[in-house]
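Engineer: Below is a structure I'd like to ask you about.
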Amino acid sequence: MLMYYCIATILLSSLSLSGAASNYESEHCPTLKADFTRRQLNEWSSSTPFTIADGGDGNDKAKHVPVLTISEDGGNFTIVVGNGNEENGVWHPQVASDDPNVVHFVTHIYAEDQDGNVIYMRTLNPQAGEPATITTLVPEGVTELTPYSFCNLHGLWVGDTVSTGGTEQTDRIITCAGSDALEWVEGAWPSVKADLQRQQMVTFGSDAPYTESDSEKHTPFITVHDNGTASILVGSVAGGIHPMVGSADGVEEPHWITEVFVVDDQDNFITLKTLDPTGVEQAAMDFSVPENAQNLTAYIWCNIHGLYVGPTVNVASINSSNQEAGSDETEENANSASEVLASVCSSIVAVLLTNFL
């Protein structure tokens, strides 16, 4: 039986390496691509990315267009959004803000290969300033690269396709940037929250997040543990667990919780997590609870249904209850130990009296 299992494992491994061009190690990159395409249609009424020919005057168009260049040795490529290096050119603004009416930045840059596979993607920190840019390696087997950028206010844009001078490899494994590149750095958190609030107003006409009364399935519930950590689950057994549906090919419409974040009673960030829908059935995360935290409130963003806030949890009262329970348990254990010791002592005394009197 073990021999058959080993043979089956080897066969499955060989099939996974046989090289379908759309096989990703993670669905996160193609899922984000699919959601950009969905938003482009729903929010900007365009079934394709914008180009240099779309909208506004020359500079306004140029500042949104991603430009890709290959290094002299062909080993790296760079994407920069805008043409600020040209005379009278302009870079796309990177305006970090916690004000939904002010925040304006290129949120993501990505590149596709000659087959339309996303081979690199990353989120950007608006605090890093202009220009919005990335530099990374040219993967083996990639012969062409096409740059894309997503502006939180003006949608998805595409630049010119560039030849890498590389050689086609039909059996290559398609990979995208690691999950770290798709995590928002802490400096970007206020801008991310502000943009989610902006989308809530623009897309759903609400100046506040939805709550448990609107949809329990979308509500983030916090559970605080005794070890200084807490966990979040979006949804509940009774009200339904929110789905995590990705897009392996970048075409199917995804439906997932994109971000989860937690604030304290002063509305200060405790954590923010970007969720990868790959191979998971529920939106959940763990985080450390600061020692000075009094209250915890969790928020989530559903790519289809918007911003939700969960019930606030009072950490101080939970810790107090745990301490009281711990004290009661300690006292109970001490009483139990005392009773055992007394019983043992009584037995010893009885034996002594029997033998020596």
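Residue numbers (the UniProt record's numbering): 1 to 357. The beta carbon of each residue, even a glycine, is placed where N, CA and C say it ideally should be.
Just to check, is the beta-carbon of G205 closer than 6 Å to a non-hydrogen atom of the ligand MN?
Structural biologist: Looking for the ligand MN in the displayed structure turns up nothing, as the structure carries no ligands at all.
Engineer: Taking C-beta to C-beta, are I241 and Q282 nearer than 7 Å?
Structural biologist: Yes, they are a contact pair.
Engineer: According to DSSP, what are the bridge partners of R122?
Structural biologist: Looking at the DSSP assignment, R122 forms a beta bridge with I109.
Engineer: Considering only residues of the same chain and omitting the five flanking positions on each side of E216, which have a CB-CB separation below 8 Å?
Structural biologist: Contacts found: G235, S236, A238, G239, G240.
Engineer: E25: which of A181, T278, T219 sits nearest, CA to CA?
Structural biologist: The shortest C-alpha separation from E25 is found at T278.
Engineer: Ordered along the chain, which non-local residues of its own chain (more than five positions away) have a Cβ less than 7 Å from that of Q127?
Structural biologist: If we look at Q127 and ignore the five residues flanking it on each side, its Cβ neighbours are A96, G187, A188.
Engineer: Within the same chain, show all residues whose beta-carbon is closer than 6 Å to that of P190, passing over the 5 residues directly before and after it, in chain order.
Structural biologist: Closer than 6 Å at Cβ, skipping near neighbours: D98.
Engineer: Taking S149 and I109 to be in contact with their CB atoms under 8 Å, please state how far apart those CB atoms are, rounded to whole angstroms.
Structural biologist: Their Cβ separation, rounded to whole angstroms, is 5 Å, which keeps S149 and I109 in contact under 8 Å.
Engineer: Considering only the beta carbon of each residue, do L68 and G159 sit closer than 7 Å?
Structural biologist: Contact flag set, yes.
Engineer: Can you find the residues in the same chain that come closer than 6 Å, C-beta to C-beta, to T161, ignoring five residues on each side of it along the sequence?
Structural biologist: Taken in chain order, the residues that qualify are E144, T146.
Engineer: Quick one: complete alpha helix (DSSP H) runs, 4+ long, within the region 147–217?
Structural biologist: Runs found: 189–204.
Engineer: Helix, strand or coil: how does DSSP classify A53 here?
Structural biologist: Three-state DSSP puts A53 in coil, outside helix and strand.
Engineer: Which term fits G306, buried or exposed, when burial requires 16 or more other beta carbons within 10 angstroms of its beta carbon?
Structural biologist: Counting Cβ neighbours within 10 Å, G306 comes out buried, since at least 16 surround it.
Engineer: Mind reading off the beta-carbon distance from V309 to N295? Whole number of angstroms is fine, and I expect it under 8 Å.
Structural biologist: Between N295 and V309 the Cβ distance is about 13 Å, and since that is not below 8 Å, they are no contact.
Engineer: How long is the line joining the alpha carbons of T297 and D265, rounded to whole angstroms?
Structural biologist: Whole-angstrom Cα-Cα distance: 8 Å.
Engineer: Straight-line CA distance for residue 363 to N42?
Structural biologist: Only positions 1 to 357 of the chain appear in this structure, which leaves residue 363 out of reach.
Engineer: Is the CB-CB distance between S317 and T229 below 7 Å?
Structural biologist: Contact flag unset, no.
Engineer: Using the C-alpha atoms, what's the distance from V142 back to G166?
Structural biologist: Those two C-alpha atoms are separated by around 6 Å.
Engineer: Suppose the cutoff is 8 Å on Cβ atoms and the five residues either side in sequence are ignored; what does the same chain contact list for A177 look like?
Structural biologist: C29, Y120, M121, R122, T136, listed in sequence order.
Engineer: With DSSP collapsed to three states, give me the class of D286.
Structural biologist: If DSSP states are grouped into helix, strand and coil, D286 belongs with the strands.
Engineer: In chain order, what residues of the same chain lie with their CB nearer than 8 Å to the CB of N101, ignoring the 5 residues before and after it?
Structural biologist: Taken in chain order, the residues that qualify are R198.
Engineer: Answer yes or no: does any C-beta atom of chain C fall closer than 7 Å to that of T161?
Structural biologist: Absence of chain C from the displayed structure is noted, only one protein chain being present.
Engineer: Reducing DSSP to helix, strand and coil, say where E27 ends up.
Structural biologist: It is coil, neither helix nor strand.
Engineer: Do E112 and V106 have their C-beta atoms within less than 7 Å of each other?
Structural biologist: Against a cut-off of 7 Å, the Cβ pair of V106 and E112 comes out as no contact.
Engineer: How long is the line joining the alpha carbons of K61 and G155, rounded to whole angstroms?
Structural biologist: Cα-Cα distance, rounded: 12 Å.
Engineer: Starting from the C-beta of S327, find all residues in its chain whose C-beta is less than 8 Å away, skip the five residues before and the five after it, and write them out in chain order.
Structural biologist: Since pLDDT at S327 reaches only 47, below the 50 mark, its modelled position is unreliable, and no value is offered.
Engineer: Below 7 Å CB to CB, which residues in the same chain sit around V185 once its five sequence neighbours on both sides are set aside?
Structural biologist: N125, listed in sequence order.
Engineer: Between the beta-carbon of I300 and the beta-carbon of I270, is there less than 7 Å?
Structural biologist: No, the pair does not count as a contact, with Cβ atoms beyond the cut-off.
Engineer: Give the secondary structure of V315 by DSSP, where H, G and I count as helix, E and B as strand, and everything else as coil.
Structural biologist: Note: V315 maps to helix in three-state DSSP.
Engineer: What whole-angstrom Cβ distance do E259 and V192 have, given they're in contact under 8 Å?
Structural biologist: The Cβ separation is near 7 Å, so the contact holds.
Engineer: Closest by CA to G205, which one among E252, G74, L196?
Structural biologist: Closest option to G205, Cα to Cα, is L196.
Engineer: Mind listing, in chain order, the continuous beta strand (DSSP E) runs of no fewer than 3 residues lying wholly within the UniProt domain "Desulfoferrodoxin ferrous iron-binding" (212–308)?
Structural biologist: Taking only runs of at least 3 residues, the beta strand (DSSP E) segments lying wholly in the UniProt domain "Desulfoferrodoxin ferrous iron-binding" (212–308) are 220–224, 229–236, 257–263, 269–274, 284–288, 295–302.
Engineer: Please determine, among D226, V280, D214, the residue with the shortest C-alpha to C-alpha distance to E291.
Structural biologist: Nearest C-alpha to E291: D226.
Engineer: Any idea which residues DSSP pairs T135 with across the strands?
Structural biologist: The partner list for T135 (beta bridge, DSSP) reads T78.
Engineer: Rank I304, V138, K63, Y210 by C-alpha distance to the C-alpha of E72 and give the top, closest one.
Structural biologist: Closest option to E72, Cα to Cα, is V138.
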